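Chemist:
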Ligand code: SF4
Ligand code: SF4
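In the working numbering, the protein residues as written are 6 to 155.
1) What's the C-alpha gap between residue 138 and residue 42?
2) At what residues does the alpha helix (DSSP H) containing residue 34 begin and finish?
3) At a cut-off of 6 Å, is residue 130 close to ligand 2 when judged by its beta-carbon and the heavy atoms of the ligand?
4) Tell me the residue span of the alpha helix (DSSP H) that contains residue 93.
5) Among the candidates 6, 15, 91, 21, whose CA atom is the shortest distance from the CA of residue 30?
6) Short of 6 Å in beta carbon distance, which residues of its chain neighbour residue 82, apart from the five on each side in sequence? Order them along the chain.
7) Given the structure, does residue 106 come close to ligand 2, in the sense that its CB is under 6 Å from one of the ligand's heavy atoms?
8) When every heavy atom of ligand 2 is checked, does at least one fall within less than 6 Å of the C-beta of residue 56?
9) Per DSSP, what kind of secondary structure is residue 44 in: helix, strand or coil?
10) Where does residue 110 fall in DSSP's three states?
11) Counting only the same chain and skipping the five closest in sequence on each side, list residues whose C-beta sits under 6 Å from that of residue 119.
Next up, the structure:
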């Protein structure tokens, strides 16, 4: 739940691209580059948490990650549903799909728009190159279903 005034991506573009180019889950570092929790929340809290960039433990990034979708046994390593858990159980096997960043409530919309506008085309190309790979049964199934419906 980012603040109204969010990070200007032009000021962090270099470090953001370095994060997006690495093979480890990017969500925690994108969260830390963001503006933090909005004071406009509707939670009943006595403590002022406005501006915190902490992981909320919502588990959205865990649920959306395709690596964990393909290999659910990895999720059995921990009950935690945080970005730290994601980094531990995915490690350097990250697909660089950026889905975890797009679903994180603590990442600024400015960063999400940058990814959608500048990076999604390259993600689609990487996925397309993997269709037909024996190690990618989910992608093949998806393609077959799409063709059947067409
Ligand atoms: S959701 Fe995508 S970018 Fe995030 S950790 Fe999983 S594979 Fe990597
Ligand atoms: S999606 Fe939720 S669990 Fe993952 S990093 Fe963001 S706040 Fe934390």
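Idealized CB from N, CA, C, for every residue including glycine. Fair warning: this is a prediction, and the values are worked out from it, not measured in the lab.
Modeler: According to the structure data:
1) Along the chain shown, one-based indexing puts residue 138 at 133. Along the chain shown, one-based indexing puts residue 42 at 37. The straight-line gap from Cα to Cα measures roughly 41 Å.
2) Stepping through the chain shown from its first residue, residue 34 is reached at position 29. Per DSSP, residue 34 belongs to the alpha helix (DSSP H) from 32-37.
3) Locating residue 130 in the chain shown gives position 125, counting from the first residue. Every heavy atom of ligand 2 is 6 Å or more from the Cβ of residue 130, so no.
4) If you number the chain shown from 1, residue 93 lands on position 88. Start and end: 88-95.
5) Your numbering for residue 30 matches position 25 in the chain shown. When each option's Cα is compared against that of residue 30, the closest is 91.
6) For the purposes of this step, residue 82 is taken as residue 77 along the chain shown, with counting starting at 1. Result list for residue 82: 94, in chain order.
7) Counted from its first residue, the chain shown places residue 106 at position 101. For ligand 2, not one heavy atom lies less than 6 Å from the Cβ of residue 106.
8) Taking the first residue of the chain shown as 1, we reach residue 56 at position 51. It does not: the Cβ of residue 56 is nowhere closer than 6 Å to a heavy atom of ligand 2.
9) In the chain shown, the residue the question calls residue 44 occupies position 39. In the structure shown, residue 44 sits in coil (DSSP, three-state: anything other than H, G, I, E or B).
10) The residue given as residue 110 occupies position 105 in the chain shown. If DSSP states are grouped into helix, strand and coil, residue 110 belongs with coil.
11) Position 114 of the chain shown, counted from the start, is the residue given in the question as residue 119. Contacts found: 14.
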